[in-house]
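Take the sequence shown: its letters are residues 37 to 320, numbered as in this note's numbering.
These notes are about the structure you will find just below.
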Amino acid sequence: MKTVQEIKVLKSALSNARSAFSRVGLVPTMGALHRGHLALIQAAKSQCDFVIASIFVNPIQFNQPSDFENYPQTLEDDLKVLEGQGVDMVFMPSIKEMYPSSLGVSLSFSHLEKILEGKFRPGHFNGVGIVVAKLLHLVDPHVAFFGQKDLQQVHVIKALVVGLSFDVEVEVVPTVREDDGLAFSSRNIRLGKVEREKAPHLYEALVQAEQDLKTGQPWSHVKNSCRKSLENSGLVELEYLALVRLPEFRLSEKYEANSEFALCIAAYLGGVRLIDNVIIRPTS
Ligand code: PAF
37 MKTVQEIKVL KSALSNARSA FSRVGLVPTM GALHRGHLAL IQAAKSQCDF VIASIFVNPI
97 QFNQPSDFEN YPQTLEDDLK VLEGQGVDMV FMPSIKEMYP SSLGVSLSFS HLEKILEGKF
157 RPGHFNGVGI VVAKLLHLVD PHVAFFGQKD LQQVHVIKAL VVGLSFDVEV EVVPTVREDD
217 GLAFSSRNIR LGKVEREKAP HLYEALVQAE QDLKTGQPWS HVKNSCRKSL ENSGLVELEY
277 LALVRLPEFR LSEKYEANSE FALCIAAYLG GVRLIDNVII RPTS
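Structural data, given as structure tokens:
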């Protein structure tokens, strides 16, 4: 497995990759790899004959400096994992390499910027959009892999790809969960013992809400009982719980069984912010 830190080395190593391989796959990550990332790598390995992963903790997508400073960094272990999975190349640039001077561009993503993650994390999607655009531009993969757990991010990236005409497929890999339902996240290791025990309630609440919607209960009622059950479990710092119509990713106040929706949640557990979602497929 080749590791590359400099853009110019990356470009020369990949100069004929797109013609030499029938499918080049990119798995962008911020490191601190867990089983969710493994699913992305395995999907890439099964679909591509050349797989490149990136590890870059992107400072400009963190709206809180403390979140950036506390972001887990486990580079040595990450490289072992990637090597073990048969990844061909890892791009792991420094901040200076990616952002040699102050940024003179910004991106905005219309309504996606104003709701849920966009609303509660101002500037986050600008940072994600810029780094993903840079990676797509530098690697020029046939396909790039992202996790369903960051569902709004997936929609931002799809908007980026269409809006800037990147010649890449966006592959969305289902969320990987612990046995108790908690979605794998690099932030989980920052949960204290009590918070870790409570964390699966997020997913349980989503599953219950999905069932209630499917039995015909109105969203306003489902939302209230979901809030109450989270409060009763001691999980009070709910940031949002939303019904989202897909594929537009627009907030909705009404569920319809013949359309696709997602239920999205964000909550703080002892200062650690977790997000999760479930997709509700149309029944007819
Ligand atoms: O999902 C992530 O880990 C990050 O947002 C990404 C896509 C690697 C961009 O930094």
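Think of the CB as a built atom: it goes at the ideal place given N, C-alpha and C, for glycine as much as any other residue.
When Cβ pairs closer than 8 Å are counted between the two stretches, the segment 42-55 is seen not to touch the segment 92-104, the count staying below three. In the DSSP secondary-structure assignment, Leu-287 is bridged to Val-280. Residue environment: Val-243 is assigned as exposed (fewer than 16 neighbouring CB atoms within 10 Å of its CB, all protein chains considered). For Val-40, the uninterrupted beta strand (DSSP E) run begins and ends at 38-40, by DSSP.
Val-141 sits in coil when the DSSP states are folded into three classes, being neither helix nor strand.
Taken atom to atom, the span from the alpha-carbon of Ala-53 to that of Ile-131 is near 25 Å. The C-beta distance from Glu-273 to Tyr-304 rounds to 4 Å, short enough to meet the 8 Å contact threshold.
Here Ser-58 carries a coil assignment [DSSP, helix/strand/coil].
Where Leu-148 is concerned, there is no enclosing alpha helix (DSSP H), because DSSP gives it neither an H nor an E.
At a cut-off of 8 Å, the beta-carbon of Ser-90 counts as near ligand 1: some heavy atom of the ligand is closer than that.
Under the three-state reduction of DSSP, Cys-84 is assigned to coil, being neither helix nor strand. In terms of Cβ geometry, Phe-161 and Leu-143 form a close pair [threshold 9 Å]. Here DSSP, grouped into helix, strand and coil, assigns Tyr-304 to strand.
Annotation for Gly-306: Gly-228, Glu-231 place their beta carbon closer than 6 Å to its own, counting only its chain and skipping 5 residues before and after. Under the three-state reduction of DSSP, Arg-226 is assigned to helix. Exposed is the label assigned to Lys-155, since fewer than 16 other Cβ atoms lie within 10 Å of its Cβ.
Ligand 1 has a heavy atom closer than 8 Å to the beta-carbon of Gln-97.
With a cut-off of 8 Å, the C-beta of Thr-211 is classified as distant from ligand 1, since no heavy atom of the ligand falls inside that distance.
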